[in-house]
Amino acid sequence: MATRKLIDAVNERLGLSTFITPLLHEIRFVLWPSKEAQSLDFDTFFARMPPFEPISIFESEYGDKSSGKIRIKGDYVWFILSIKKLVNKDEIRRIFRKFGRSLQVEYNERVRCDEIICGIYEDQGDRIILEEVIIPRVVYGGEQLLYKEVNFEIGPKQPKLVIYYGFHKIAKTAAKEIKGQSNIVDIIDVLKKYLQPLEEGKGYSPWTLNYVTSCYDGYIITTDPTARNEICDPCEKEKRRYLCREYPGLGKYEYRRRIFPKAYSNVSIELSSDASDVIDECYLLPYVVMVMENVGLFKDINGFVMYLDRVGKVELELEKKISTGFFNSNVFLTAFDISLLKTFISVLENSKDNISIIVRFGPHRSEYRIPSYNLLISKYLWRRIFDGSLKIQLKINEQNDSIDIVLEKLGDRPLNLVNNFRDVIEGIKSEFIQDLENFLVETITHTLAHAIYIAMTKYVPEGQPYIDYLHAKLGQYVLAGVFENTKNGMLRLSQEFAIRLTEHSTVSSRNGTIIPDPRILKTIIESALEGHKYIIESGVTSTHGDYAEELKNTCSLVVDKIQSEIRKSLNQSEENIVCEVVKDFYKLLYNTIEGLIKSGIYIDSQMLTYSILWYLMRNPDIIIDHLIKKLSKRYKSLTVNELVNLTIESLFETELYKIIIELLFPDLCTDGCSFDLHLPDCHEYLEQPFIVSRSLLLAFLEFLGVGIDDLKSKNIIIERLECPGSQLRNLCLLTRRSLYALTSEFSGESLNLVKYLLSKNPRLKITLEIDKRLMENKPEIIDNLRRLASESHGRLELKITESPHHGKMVELDNLKIHTSWNFGTSVLPLQTYKTELKVRH
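Next up, the structure:
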């Protein structure tokens, strides 16, 4: 709800009623057969009610994984038919044709069931502007009663993914009573008799969207993507080490791990090309901070992503984007030349011994240092494994009691990730260097956009419901910032943010664009990372002490879960087997992760979950067979096979595995988490652990001269940066207005560089200050420089030092670089690189 301040702003600026909503785009929805329309803003609607996700859900049943068939016991589902991989779109359209005609008569003649099942929308060719969605009960919507079938192509040489939405048992039971019925009301009356017991027994409610919430380890765990990670009220601090209530997996939410996964929206923000001209006019190295008014934007949903435990990642790319349509608003953003990222990746690689991230692993919080370049490679690698573009095999290494992760093919052969990580790096550089550079661009801009968004919600908290973040490429620039989700930017929140940030800073203006002092970026980042400071000071990471005691408690929880499932008590021998399975599973993961970290590979709790654990969930026999073989040597019981299966299933199907993860990763916020830079409404929620990196952002800001204080407390150590002379030369080529170089050497190469810079950029002014000894050592060079200066019409100024010196420095617009590089020479060897932002006067 808008605060009084925002309502006053609307009244003051537009003279509108206090009942006006400033939100940009709202979507109405109806849960048919109710005709009562409700409204949600564009973002909330797709976060809470995306297509292909049942709104009201009972348990879901996975069929044979090899067939790719899944049965969802859910209701109230809407479908988008312009999905590229949707195979049976014509069939779905056909079975809802009669339903669509009845809606036109009974509800609104503008209803269509072509691109949307069903809705009111404007088709603009490549975009759909959605006004209203009529969401039918799949148990009766359309000609085919009780359930609907949707077929997706999920990849070459893979079976079709077939999802059945509806109630199969109810369909079978109620079929005789429904047969011959044509009146929807009569059908509903029959179905109510069968649905009511389920609704009462499972806490089902379509009106609350059936998001499951539980209290785990002192924090609210929920399937609602908009929920915050809040502390549970009933949990006493001293009891926060374990579950405060009944652990998930029992009672009311018995099937919580089996409910249908979220269908996450992939959102993109596109700025009009006119914005590029404004940025081009204002841009100076290393970056510019801007507040732009009345900028043209599109907000589009390009597709959806689901992750099904036994199928993997399913991408649903749209043929027609769902859009807010073109609108004008205000933007607060940072912009920098994309070429800076190519130089930065070179600096990361060449400084890998001097820039590292601190990883704490195991119950004793053992510390390891991993080069930041390896962090980049690792996150890129885990993402490609997660999305299926790099295939892996997991094999049990009985000698090390660990899991070998083998890339099926990178280069010309399979590679063991631990034993051949250097070859993996070279393979990625050889085959995917452009993709790796794009990944770095996405990571830096996405993380920076999150940081600016978080800072703005702190400086202008009353504006949070009306802002969103953006990261985009626009010509030669990459952008990160926030914009207003309001009609024509009516609340002027970007300006308010800039005013509060720059209270004591320099602000200039150019053609209506506000340009704050670029140093405010440091204030923004430090404000965004206050959450990480809270973690360090309050110890909100895992604080488990005696891991043996923790595993013992985990065993007790698993035993309780199994006993509840099989409805009988386990004897002492059987309990011992369960505990051995838990301990052996933990040890297997521990040894695997330790091997990865010691090999210089970054992994954290989310990488582990998104790669290794989810692979094992789809292929549990790998671990089950190993544990059965291992335990059969110690126990002769005939129940070993059954108990191993039940224990592993219990660990995977409940939240219990989080306890094990916390034992492995006591620092849950190594490179970003929900306490600092992760957002519950991230535009690419499932990709967030890969593409949001606090450490890479901080290293990039150091490269740009934005020195953030106390980096070690943020898990990063930067001793020094090293940069090839060729990359320093490339940085000089990016200079816009002024270049100053102090050098003790000057060569023919240096002279050619000056000539090229003057010819390339007619607005550039160059000042060269060179060692006085060159007057004697290289008089011809000095004469050529003086001649060039006289011909440059004031664009080249030559200074000679008063005394001999060895200093080297370049100033490129607002970027000052202290270096060992003599301007224009020594382009191959590594040079020291220390930067700062020039202070404005």
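So for the sequence shown, the numbering used here puts the first residue at 289; every next one is plus one.
Cβ coordinates follow ideal geometry from the N, Cα and C atoms, glycine included.
With DSSP run on the structure shown, which of helix, strand or coil describes I626?
-> coil
Can L809 and V994 be called in contact, C-beta distance under 8 Å?
-> yes
Can you find at least 3 beta carbon pairs, one from the segment 959-975 and one from the segment 737-747, that sit closer than 8 Å?
-> yes
In this structure, does DSSP put T1123 in helix, strand or coil?
-> strand
Given that a residue counts as buried once 16 or more other Cβ atoms are within 10 Å of its Cβ, and exposed if not, what is S981?
-> buried
Report yes or no: is there a C-beta of chain B within less than 8 Å of the C-beta of A816?
-> Considering every chain present, this structure includes no chain B. It has just one protein chain.
According to the neighbour-count rule (16 or more other Cβ atoms, all chains shown, within 10 Å of its Cβ), is N1110 buried or exposed?
-> buried
For Q681, write down the residues that DSSP places opposite it in a beta bridge.
-> V694
Reduced DSSP category for C570 - H, G, I as helix; E, B as strand; rest coil | helix
Does DSSP put W1109 in a helix, in a strand, or in coil?
-> coil
Pull up the distance between the alpha-carbon of L896 and that of Y973, whole angstroms please.
-> 17 Å
Would you give the residue range spanned by the beta strand (DSSP E) that T801 belongs to?
-> T801 to P804
Excluding five sequence neighbours on each side, which residues of the same chain lie with their C-beta closer than 6 Å to the C-beta of I1105?
-> V1098 and T1123
Write down the C-beta distance between T927 and I850 rounded to the nearest angstrom, noting that I regard them as a contact closer than 8 Å.
-> Going by Cβ atoms, the distance from T927 to I850 rounds to 11 Å, so no, they are not a contact pair.
Please classify P1117: is it buried, with 16 or more other beta-carbons within 10 angstroms of its beta-carbon, or exposed?
-> exposed
Whose C-beta lies closer than 7 Å to the C-beta of I787 among residues of the same chain, with five residues either side of it excluded?
-> none
List the whole-angstrom C-beta distance separating S690 from S983, where the pair is believed to meet the contact cut-off of C-beta under 8 Å.
-> Between S983 and S690 the Cβ distance is about 26 Å, and since that is not below 8 Å, they are no contact.
Close-in-space but distant-in-sequence residues of the same chain around S1080 (CB under 7 Å, 5 per side omitted) | L1046
Pull up the CB-CB distance for E1037 and G1095, whole angstroms please, since I reckon it's below 8 Å.
-> Rounded, the Cβ-Cβ distance is 20 Å, inconsistent with contact.
Expected contact under 8 Å - CB spacing of S718 and G699 to nearest Å | 7 Å
Distance between F614 and Y395 (C-alpha atoms, nearest Å) | 29 Å
Quick one: what does DSSP say G960 is sitting in, helix, strand or coil?
-> coil
Taking just the CA atoms, how far does S899 sit from I658?
-> 20 Å
What's the call for N859, buried or exposed, on a 16-neighbour Cβ count within 10 Å?
-> exposed
For V694 and N704, believed in contact at Cβ under 8 Å, the rounded distance = 5 Å
Should P977 go down as buried or exposed, given a rule of 16 or more other Cβ atoms within 10 Å for buried?
-> buried
Identify the continuous beta strand (DSSP E) that holds I665 and give its terminal residues.
-> That residue, I665, is in no beta strand (DSSP E); its alpha helix (DSSP H) goes S660 to F674.
Complete alpha helix (DSSP H) runs within the segment 1013-1041 (minimum length 4 residues, chain order) = 1013-1021
Cβ-based burial, I1088 [other Cβ within 10 Å; buried from 16] = exposed
Of the choices D892, V869, F991 and I716, whose alpha-carbon is the least far from that of D913?
-> V869
State the Cα-Cα distance for the pair S654 and E403, rounded to the nearest angstrom.
-> 55 Å
Sequence-distant residues of its chain with Cβ nearer than 6 Å to L817 (five each side left out) = D964
Count the other CB atoms, across all protein chains shown, that sit within 10 Å of the CB of P522; report buried if there are 16 or more and exposed otherwise.
-> For P522, the pLDDT reaches just 43, beneath the cut-off of 50, and the residue's location in the model is therefore unreliable, although a value from the coordinates is still provided. So P522 counts as exposed.
What three-state label does DSSP hand D756 in the structure shown?
-> strand
Going along the chain, which unbroken runs of the beta strand (DSSP E) with 3 or more residues stay wholly within the segment 758-784?
-> 765-772
Could you check the C-alpha separation between F367 and I423 for me, to the nearest Å?
-> 9 Å
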